[in-house]
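Visitor: Going by the numbering used here, 149 is the number at position 149 of the sequence shown; the sequence numbering is gapless. Ideal placement from N, C-alpha and C gives every residue a C-beta, glycine not left out.
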Amino acid sequence: MPNRLGVVVLLNHSAVRISLGHMDDALALFTDVLGFEEVFEMSGADGGPSSPGPFRMSVLRQPTTNVDVQLTAVEAGGSQDAKLLNQIGFVSDDAGTDVETVETWCRARGLEVATGAYGPGFRWIDVPDVFMDFVLEVMDRESLLATGYTEPVT
Numbered sequence: 001m002p003n004r005l006g007v008v009v010l011l012n013h014s015a016v017r018i019s020l021g022h023m024d025d026a027l028a029l030f031t032d033v034l035g036f037e038e039v040f041e042m043s044g045a046d047g048g049p050s051s052p053g054p055f056r057m058s059v060l061r062q063p064t065t066n067v068d069v070q071l072t073a074v075e076a077g078g079s080q081d082a083k084l085l086n087q088i089g090f091v092s093d094d095a096g097t098d099v100e101t102v103e104t105w106c107r108a109r110g111l112e113v114a115t116g117a118y119g120p121g122f123r124w125i126d127v128p129d130v131f132m133d134f135v136l137e138v139m140d141r142e143s144l145l146a147t148g149y150t151e152p153v154t
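In structure tokens:
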């Protein structure tokens, strides 16, 4: 259901950074102890500007819940761009329009705003004076599903 500004987004996940050397420990805690199941994973030698160097990412979901936890394991340290790995993620049928609506609303309140993209269909918005260590991610539903990721239950 759209809000009064017309933004239509569904809460999808919260993402946090994990030490690359302890990703297996984090996964075991979430799966063995907290009852989550891994629903998507990826890894690589270079995660791009926000995570130069090796990375592992897992998306975890508790059965019958609607919101996922994304663990992104990177090497310790990192630049200010590492903030882009901590996010509250939303699914949208039109991420571009929804990000522009949020940006317009923030600017009308006198707030500084930065926007960008992780890739086609995966947008982010930062309000640096408000968000200390995370950004909002808005993902086009079609782009998300094209990755092989499955949406949470509704």
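Quick check: the Cα distance between residue 12 and residue 114, rounded to an integer number of angstroms?
Guide: Their backbone Cα atoms lie some 21 Å apart in a straight line.
Visitor: How close, in whole Å, do the beta carbons of residue 131 and residue 9 come, if the pair is a contact with beta carbons under 8 Å?
Guide: Not really, about 16 Å apart at Cβ, beyond 8 Å.
Visitor: Rank 28, 41, 107, 31 by C-alpha distance to the C-alpha of residue 149 and give the top, closest one.
Guide: Among 28, 41, 107, 31, the Cα nearest to that of residue 149 is on 41.
Visitor: For residue 90, which beta-bridge partners are listed by DSSP?
Guide: Paired residue(s): 11, 138.
Visitor: Hey, would you say the C-beta of residue 61 is under 6 Å away from at least one heavy atom of the ligand GTP?
Guide: Among the ligands in the structure shown, none appear at all, so the ligand GTP cannot be discussed.
Visitor: Which of helix, strand or coil does DSSP assign to residue 26?
Guide: Looking at residue 26 - three-state DSSP - the assignment turns out to be helix.
Visitor: So which of 93, 7, 73 has the shortest CA-CA distance to residue 16?
Guide: It is 73.
Visitor: How long is the line joining the alpha carbons of residue 60 and residue 106, rounded to whole angstroms?
Guide: Residue 60 and residue 106: Cα-Cα distance of roughly 31 Å.
Visitor: Could you round the C-beta distance between residue 70 and residue 35 to whole angstroms and report it? I think they count as a contact, below 8 Å.
Guide: Going by Cβ atoms, the distance from residue 70 to residue 35 rounds to 17 Å, so no, they are not a contact pair.
Visitor: Just to confirm my understanding: we take residue 39, look at its own chain, exclude 5 residues before and 5 after, and list those with CB closer than 8 Å. What are they?
Guide: 59, 60, 61, 68, 149, 150, listed in sequence order.
Visitor: Relative to the C-alpha of residue 43, which candidate in 32, 33, 55 has its C-alpha closest?
Guide: Comparing Cα positions, the closest option is 55.
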